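Remarks on the structure that follows.
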Amino acid sequence: MRNIFTIFKKEVRSYFNSPAAYIVVTFFLLFTGYFFGTNLFLMNQANLRTAFGIIPLVFIFFMPAITMRLIAEEKKTGTIELLVTYPIKDSEIIVGKFLSALMLLAVALVFTWFYVITVSLLGNLDGGQVIGGYFGLLLMGAAYLAIGMFASAITENQIVAFIVALVIIFVFFLMDKILFFIPAPLVSIFQYLSIDYHFENISRGVIDTRDLLYYFSVIFFSLLLASHALGRRKGD
Amino acid sequence: MIELKRITKSYSGKKAVDDISFTVERGEILGFLGPNAAGKTTTMRMITCYMPPTSGTILVDGMDTGEDSLEIRKRIGYLPEMAPIYPDMNVMDYLDYVSELRRLEGDTKKSRIREMIAVCGLDDVLGQDIGQLSKGYRQRVGLAQAMIHDPDILLLDEPTAGLDPNQIVEIRELIKRLGQEKTVILSTHILTEVQATCSRIAIINRGKIVADGKPEELSAGFHGRAVLLAHLKAPREALLEKVRAMDGAEEVREMPTDDGTVGIRLESPFGKDMRESLWKLAVEENWPIFEMRREALSLEDVFRSLTQESDASLS
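Chains A and B, in that order, are what the protein sequence lines are. Following the numbering used here, the numbering of the first sequence begins with 3 at its first residue and continues without gaps. Following the numbering used here, the numbering of the second sequence begins with 116 at its first residue and continues without gaps.
Structure (structure tokens):
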């Protein structure tokens, strides 16, 4: 635990010491701000449906941007060699770094409360939906980040890490959008595997263990794979 | 103590380290000497558990790197080549971070950090980002992180690269001092460095250890010959002829000089001192001696011939 915390602290500090975190958060807020605002100004509706509908899509681009450097950069600069020869487990490195990315996501989400508060002043928001929505966003974001960690662990090129993460996430995202083309017996499998499908459930305010289980298993397996990728040193 | 038993490491079929075995005892400083890409770094990386060997076993204090990696890593301080350290951290934060990963706490942590700052001379740069430091300072930060937990085993990959001459002397003294009670392996391609610091030398070339022993053993035992250089004021032919006729002179060559004397290089069997007989010869013939010195075959010669010989035998 202590090692995880040490890594976490170091990574959070380096996020906020560099402009990258501020740029990512700013752009995230600009994008989401637009979608929080469209309902209000264009459709005269004080609700968050559009926002919660769009943010999962925005996440597809922003989560890989957050995770891409975490391991790829250490591989590129060689600092990984020192890190993995300290007496820490590979899994502790992965989890510590993952949590730091999650922290950045949480910070970005906290800032969107300004929008939520603004909307709630103009109309009645369904509290359950808001809480469910945010909880879902956090879970879904965490799943994306875990996939991003894996992508970052398999390469030393940040751009490659970004693209690989984006493609994997996009496939998971699309799964319940293409059900129309899927043979009937496979439909429920594809639906269950879709990241967005579970988010829709949670953002309605319904928290089901099946959905939680889904997210936690995506996170767990992605981090497990990331940890394996890290342990596989070159030359093996 | 570090034991390597028949270690081989291949990268996609090519052997970077080829069936090497050696043991380093506590209190020994092993200088790992070899040309670039000889397998020094790969060997170190296997001992530090950074990568597993393709075959063979490595025991560190009796523990296998494949099984007790975590425990082994606790005991090792490692400075990789080029000292890869986070450029966006400042020196103080970095030392703090490393000491936490090394599980140092409270006063021990503070005093160890303070000691490392003093030993490695980091006072002036504590608040600076590591990315902005000169190469020498970065190297010193690297040394500090390797020694911060006072490890029993130190593996240093080219520890003095980029340091200025004064720092080099300081760091060598430090390594020598540490080496009295620890197990130290340092790799280098600087020959004077091993002569100055190491109690034992292993020369590695193309993944194989081609020589292993004390520095003086290596330079003496290699050719088995003593070399004497002398400048005399004498007629050239007569001098060479007389010297060649001396008892024990195995090979005599003329060496160029710049002061009108005749220079000779005289090789004799190891242990046979030719100075006295050369002096007697000079006195008999009334040839003034301007200069006379013995020359041990330098480590450099040993190194060059060993590493080039095996190059030649392969081609």
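By construction, the Cβ of each residue, glycine as well, lies at the ideal position given by its N, Cα and C atoms. In this text, all values refer to a predicted model and were calculated from it rather than measured experimentally.
In its chain, beyond the 5 residues on either side, K155, S302, H304, I318, I319, N320, T422 have a beta carbon closer than 8 Å to the beta carbon of B/G149. Annotated three-state conformation of B/I379 is strand, per DSSP. Your pair A/D178 and A/Y146 does not check out as a contact, with CB atoms roughly 16 Å apart and the cut at 8 Å. Counting only residues of its own chain and dropping the five nearest sequence neighbours on each side, A/A231 has a CB closer than 7 Å to the CB of F152, A155, I156. Straight through space, the alpha carbons of A/S205 and A/F43 are spaced by roughly 23 Å.
Straight across, the Cα-Cα distance linking B/A131 with B/P330 is about 25 Å. With contacts defined by Cβ atoms closer than 8 Å, A/L141 and A/K99 do not form a contacting pair.
Across the set A/P185, A/L226, A/I149, A/L50, the C-alpha of A/I149 shows the shortest separation from the C-alpha of A/F174. Taking CB atoms only, A/E13 has no neighbour in chain B less than 8 Å away. Bridge pairing for B/S249: absent [DSSP]. For A/G80, a Cβ of chain B is located within less than 8 Å of the residue's own Cβ. Contact between the region 236 to 250 of chain B and the region 197 to 204 of chain B is established, with three or more Cβ pairs separated by less than 8 Å.
Residues of the region 90 to 111 of chain A with a C-beta less than 9 Å from any C-beta of chain B: I90, K91, listed in chain order. Between the region 180 to 188 of chain B and the region 285 to 293 of chain B, the count of Cβ pairs shorter than 8 Å is below three; the stretches do not touch. Neighbourhood of A/S205 in chain B, by CB distance below 8 Å: empty, with the nearest CB roughly 37 Å away.
A/L140 sits in a helix when the DSSP states are folded into three classes. In the displayed model, B/R390 falls within a helix according to three-state DSSP. Setting aside the 5 residues that flank it on each side, B/R217 is surrounded in the same chain by I263, H264, each with a C-beta closer than 7 Å to its C-beta; the list follows chain order.
For A/F64, the uninterrupted alpha helix (DSSP H) segment begins and ends at 51 to 79.
With a threshold of 8 Å between beta carbons, A/N5 makes contact with chain B.
The shortest C-alpha to C-alpha distance from A/N19 to any of A/A48, A/T52, A/L31, A/L106 is the one to A/L106.
In the three-state scheme derived from DSSP, where H, G and I count as helix and E and B as strand, A/S20 is classed as coil. When C-alpha distances from B/A349 are compared across B/T372, B/E285, B/E215, the shortest belongs to B/T372. Among the CB atoms of chain B, none fall inside 8 Å of the CB of A/T69. If you draw a 10 Å sphere on the C-beta of B/R359, you find fewer than 16 other C-beta atoms in it, and that means exposed. Across the structure, B/N401 and B/V342 are spaced so that their CA atoms are roughly 23 Å apart.
Any Cβ of chain A closer than 8 Å to the Cβ of B/T180 would place that residue at the interface, and such an atom is absent.
A/V208 carries a coil assignment under DSSP once its states are collapsed to helix, strand and coil.
Contacts between B/L216 and chain A, judged by CB atoms closer than 7 Å, involve N5, T8, Y88, I90 in chain order.
By the Cβ test, the region 181 to 190 of chain A is not in contact with the region 74 to 83 of chain A, since fewer than three Cβ pairs between them sit closer than 8 Å. Its Cα nearest to that of A/R234, the residue A/S93 stands out among A/L124, A/L50, A/S93. Here the alpha carbons of B/K297 and B/S136 stand approximately 20 Å from one another. Spatial neighbours of B/N151 in its own chain (CB-CB distance under 8 Å, excluding positions within 5 residues in sequence) are listed in chain order as H304.
If you draw a straight line from the Cα of B/I191 to the Cα of B/D267, it comes to about 7 Å. Here A/G138 is buried: its Cβ has 16 or more other Cβ atoms, across all protein chains shown, within 10 Å.
Classified as exposed, A/P187 has fewer than 16 neighbouring CB atoms from the shown chains inside 10 Å of its CB.
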